[in-house]
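Residue numbers (full-length UniProt numbering), protein chains in the order written: chain A, 1 to 201; chain B, 1 to 201.
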């Protein structure tokens with residue numbers, strides 16, 4: 001029974017790869033499952049067997065794209081103090097997005113459409129990445145005695161929310177880059193002041 | 001020369017009011033300038049003389065809607081300490097949006113489309129309202145000796161950005177209300193800890 005399952009997975013990957021290439025070149029507006037099936041030499045019914053709707057397909061492409069972006073992103077592993085590490089990590093992640101907008105405008109536009117619906121798998125995946133990153137950074141600061149002791153789970157979610165305006169695709173699409181960089185640094189300073197305050201919970 | 005100018009302003013208001021009513025009932029997807037002109041007993045050319053595109057018209061409606069929403073919103077003028085006032089004000093403003101989503105779903109959907117482009121007049125107007133509200137709240141806290149002294153202009157902008165995920169229409173549209181309320185309270189606690197910290201700048 002293994003062989004057919006692997007084949008189905010391979011077909012799924014082939015569909016994703018071709019769909020992504022078509023979307024990368026021409027955007028989602030002119031994209032159709034019919035054209036995709038023709039380009040793959042498949043029947044549209046076969047494509048629909050793997051992806052029940054254009055939305056599901058788009059979401060899967062976004063999820064793959066986000067995963068690759070994450071893999072490319074290297075949080076600063078330096079010996080810098082926690083507050084500096086946090087500021088550097090957030091601003092680097094924002095720069096990865098800004099590069100993505102320049103290099104893959106059509107794909108990023110699709111990501112923005114997807115991100116408007118926070119309950120989609122790709123949006124949830126991105127959210128959990130962000131929170132995991134903040135969890136590491138805050139834990140590091142607490143261990144080093146720089147940040148106050150807090151509930152890691154809820155604090156990483158709150159800190160992630162505080163950076164939404166510089167990390168969420170919707171905000172990055174039409175924003176002025178120098179304004180974004182300024183805002184990113186200011187938000188990092190605000191969050192760092194809170195995390196070092198005895199008042200933080 | 002005065003009479004014709006007043007008439008033009010009146011015509012502009014008539015167009016806005018009729019367009020808003022049509023959008024409120026049926027959303028933007030089925031909306032057209034041709035239908036609007038017919039409903040007003042005008043020529044489409046006459047409508048276009050006042051609003052050069054559907055986007056300009058939609059933005060003007062959003063701006064009017066945001067202005068009314070602001071007028072309806074009363075920041076807490078109580079004697080509560082600054083941190084509590086800030087928390088109450090942000091969460092009340094969020095509730096105004098949530099009520100708006102329930103009462104005017106089509107209009108709010110349009111607001112979300114508009115808000116995706118931060119350079120539109122209605123989006124800029126909303127941003128300046130938010131920042132003015134935070135400026136008042138932070139100034140009050142500094143005057144009362146509760147918040148540290150900061151640059152009011154830049155801090156109100158940073159604090160506004162920190163609350164984007166609970167105040168920006170894009171985030172409110174599909175979000176879970178109880179999660180939003182939790183996040184709003186946590187962000188307020190984080191910002192209040194920062195504003196009372198000697199580390200804040």
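Even glycine gets a Cβ: it sits at the ideal position worked out from N, Cα and C. Since the structure is predicted, the reported quantities are computational estimates derived from the model, not experimental observations.
Annotation for residue 110 of chain A: 23, 27, 28, 58, 61, 62 place their beta carbon closer than 8 angstroms to its own, counting only its chain and skipping 5 residues before and after. For residue 148 of chain B, the three-state secondary structure derived from DSSP is coil. If you draw a straight line from the Cα of residue 17 of chain A to the Cα of residue 165 of chain A, it is about 31 angstroms long. Those residues of the segment 181-194 of chain B placed with their C-beta closer than 8 angstroms to a C-beta in chain A are 183, 186, 187, 189, 190, 191, 192, 193, 194, ordered along the chain.
Taking a 10 Å sphere around the C-beta of residue 100 of chain A, we find 16 or more other C-beta atoms and assign the residue as buried. As summarised for the UniProt DNA-binding region "H-T-H motif" (32-51) of chain B, the continuous alpha helix (DSSP H) elements at least 4 residues long and confined to that stretch are 33-40, 44-50, given in chain order. A Cβ-Cβ contact shorter than 7 angstroms links residue 82 of chain A with residue 147 of chain A.
Nearest to residue 141 of chain B by alpha-carbon distance, out of B:184, B:119, B:80, B:173, is B:80. Annotation: residue 120 of chain A is outside any alpha helix (DSSP H) and is labelled neither H nor E by DSSP.
With a cutoff of 7 angstroms on beta-carbon distance, residue 163 of chain B and residue 90 of chain B are scored as near each other.
For the pair residue 85 of chain B and residue 137 of chain B, the CB atoms are nearer than the 7 angstroms cut-off. Spatial neighbours of residue 120 of chain B in its own chain (CB-CB distance under 6 angstroms, excluding positions within 5 residues in sequence) are listed in chain order as 59, 114.
Per the C-alpha coordinates, the member of A:43, A:47, A:21, A:32 positioned closest to residue 9 of chain A is A:47. Residues of chain B whose Cβ lies closer than 7 angstroms to the Cβ of residue 201 of chain A are, in chain order, 189. Secondary structure at residue 27 of chain B: coil, using DSSP grouped into helix, strand and coil. If you look at residue 90 of chain A, you'll find it in the alpha helix (DSSP H) that goes 82-103.
Minimum Cα-Cα distance from residue 50 of chain A among the listed residues A:11, A:41, A:65 corresponds to A:11. Residue environment: residue 131 of chain A is assigned as buried (16 or more neighbouring CB atoms within 10 Å of its CB, all protein chains considered). Residues of the segment 162-173 of chain A with a C-beta atom less than 9 angstroms from some C-beta of chain B are 162, 163, 164, 165, 166, 168, 170, 171, 173, listed in chain order.
Contact between residue 93 of chain B and residue 167 of chain B holds, since their C-beta atoms are separated by about 6 angstroms, short of 8 angstroms. The DSSP assignment places no complete beta strand (DSSP E) segment of no fewer than 3 residues inside the segment 131-180 of chain B. Comparing alpha carbon positions, the residue from A:175, A:184, A:196, A:21 closest to residue 104 of chain A is A:21. Using a Cβ-Cβ cut-off of 7 angstroms, residue 92 of chain B does not count as an interface residue toward chain A, since no Cβ of chain A sits closer than that to its own. Following the DSSP letters along the chain, one finds residue 54 of chain A inside the alpha helix (DSSP H) bounded by residues 54-72. Excluding sequence positions up to five before and after residue 184 of chain B, its CB lies within less than 7 angstroms of the CB of 90, 91, 94, 166, all in the same chain and listed in chain order. The Cβ neighbour count for residue 160 of chain A, taken over all protein chains shown within 10 Å, is at least 16; the residue is labelled buried. Rounded to whole angstroms, residue 55 of chain A and residue 122 of chain A show a C-alpha spacing of 11 angstroms.
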